[in-house]
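Asks:
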Amino acid sequence: MRNLGNVRVSRAMENRTATSSGAWAIVATLVAVLLGGCAADPGSKQQLAAGYAALENRQYEQAIARADEYLRSHPAGAGSAEALYLRGRALEQKPADSLEQARANLQAARAAYIEALGRSPSRKLQAYVHTSLANVAYFQDDYPTAISEWTAAYGMLEDESIKAWVLYRIGLSRQRLGQFADADATFAAVMQRYPDTVPAQRARERHGARAFNVQMATFAQSNSADAAINELRAQGVPVHKQIDSKGRSVVLVGPLVSYQQAQAMKARYARRYPDALIVP
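Counting in numbering that gives the first Met the number 0, the sequence shown runs without a single skipped number right up to 279 at its last residue.
#1: Would you list the residues sitting across from asparagine 212 in a DSSP beta bridge?
#2: Note down the Cα distance separating tyrosine 258 from serine 244, rounded to an integer number of angstroms.
#3: Assuming valine 213 and leucine 156 are in contact, meaning their beta carbons sit under 8 Å apart, how far apart are those beta carbons, in whole angstroms?
#4: Who does glutamine 241 pair with in a DSSP beta bridge?
#5: Within its chain, find whatever has a CB closer than 7 Å to the CB of alanine 49; leave out the 5 residues flanking it on each side and keep chain order.
#6: Roughly how many whole angstroms lie between the Cα atoms of histidine 73 and threonine 130?
#7: One question on the structure: do arginine 118 and leucine 83 come within less than 8 Å of each other, judged by their Cβ atoms?
#8: Going by the CB atoms, is the gap between alanine 187 and leucine 124 shorter than 8 Å?
#9: Under the DSSP definition of a beta bridge, which residues are partnered with leucine 255?
#10: Who pairs with phenylalanine 186 in a beta bridge, going by DSSP?
#11: Whole angstroms is fine: what's the gap from alanine 144's alpha carbon to alanine 152's?
#12: Looking only at DSSP bridge pairs, what is phenylalanine 218 linked to?
#13: In whole angstroms, give me the CA-to-CA distance for alanine 208 and valine 256.
#14: On the criterion of 16 or more Cβ atoms from any shown chain inside 10 Å, does glycine 246 qualify as buried, or is it exposed?
#15: Going by the CB atoms, is the gap between alanine 89 and alanine 95 shorter than 8 Å?
#16: If I'm right that threonine 185 touches arginine 201 with Cβ under 8 Å, what's the distance once you round it to whole angstroms?
#17: Mapping DSSP to helix, strand and coil, what is aspartate 225?
Shown next, in the form of structure tokens:
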């Protein structure tokens with residue numbers, strides 16, 4: 000388990016960080032793309048550029064300080080949308096010492112993104128803000144908002160690699176809402192439009208699912224897996240075993256009809272199986 004940045008908090012947060020640092024690692028281009036069209040004076044642009052540079056270097060507190068300093072000087076002026084986006088990105092990515100702090104950071108990032116959308120951002124910035132707002136909503140389990148925001152972003156985005164991830168995440172959100180047919184249609188679109196990409200590969204793996212399982216543990220020895228299965232069955236839990244590509248025994252609880260049921264099952268056995276995963 001690990002948090003939004005480097006501190007241990009949760010596997011879900013780890014997945015969010017991996018996505019941000021992978022397909023959505025757009026920080027390196029933000030200064031040129033966003034600030035190029037910013038109407039702020041040269042000194043203010045330099046101030047924002049320093050904040051984005053701090054973000055790129057994972058100096059999150061410094062990035063937040065730069066954003067806040069700019070907003071105090073230009074509370075509603077040119078560049079305020081860029082400053083709010085900077086603040087949101089830094090809050091979203093900064094390390095946290097606890098799950099509660101991580102959740103607070105996400106909520107504060109969400110507030111910054113919403114406020115940025117109210118500051119008449121450029122079309123490019125709108126696309127990034129909608130994408131980041133959706134990302135936060137997704138990791139808050141607010142899948143309707145995630146779908147809405149990613150859908151708004153998709154038509155504005157120019158980077159095809161980001162669009163592939165956005166469309167895939169829309170499908171994943173629909174799947175977690177139990178909208179399996181709509182999810183499959185979205186996954187099919189990902190595979191058709193962005194073949195030979197990681198999102199297409201993941202879409203293919205999740206296509207056709209109609210229930211969820213909790214992958215409790217993977218065992219090298221079959222008898223160890225059987226012991227775990229017997230223990231779970233004795234507690235009235237639906238459980239089965241699969242053999243993975245490496246010949247290991249994977250213990251799965253399910254099928255469970257909703258993602259919420261899978262989350263509850265995972266939480267129930269968090270102490271016994273801290274590395275459990277919900278699949279798909």
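Using N, Cα and C, we set each Cβ at its ideal position, and we do this for glycine too.
Replies: For this structure:
#1: DSSP output for asparagine 212 lists Val278 as bridge partner(s).
#2: Straight-line measurement puts the Cα of serine 244 at about 26 Å from the Cα of tyrosine 258.
#3: Not a contact, Cβ separation roughly 34 Å.
#4: DSSP lists Val249 as partners of glutamine 241.
#5: Taken in chain order, the residues that qualify are Arg65.
#6: Each residue's alpha carbon lies about 25 Å from the other.
#7: Yes, Cβ-Cβ distance for arginine 118 and leucine 83 is below 8 Å.
#8: Cβ atoms of leucine 124 and alanine 187: not closer than 8 Å.
#9: For leucine 255, the pairing in a beta bridge is given by DSSP as Phe211.
#10: None; phenylalanine 186 has no bridge partner.
#11: The amino acid occupying residue 144 in the given sequence is threonine; alanine does not appear at that position. Their backbone Cα atoms lie some 12 Å apart in a straight line.
#12: Beta-bridge analysis with DSSP links phenylalanine 218 to Ser248.
#13: Those two C-alpha atoms are separated by around 10 Å.
#14: Around the beta carbon of glycine 246, fewer than 16 other beta carbons lie within 10 angstroms, which makes this residue exposed.
#15: Result no, Cβ atoms of alanine 95 and alanine 89 do not sit closer than 8 Å.
#16: In this structure threonine 185 is not in contact with arginine 201, their Cβ atoms being roughly 12 Å apart against a cut-off of 8 Å.
#17: Aspartate 225 carries a helical assignment under DSSP once its states are collapsed to helix, strand and coil.
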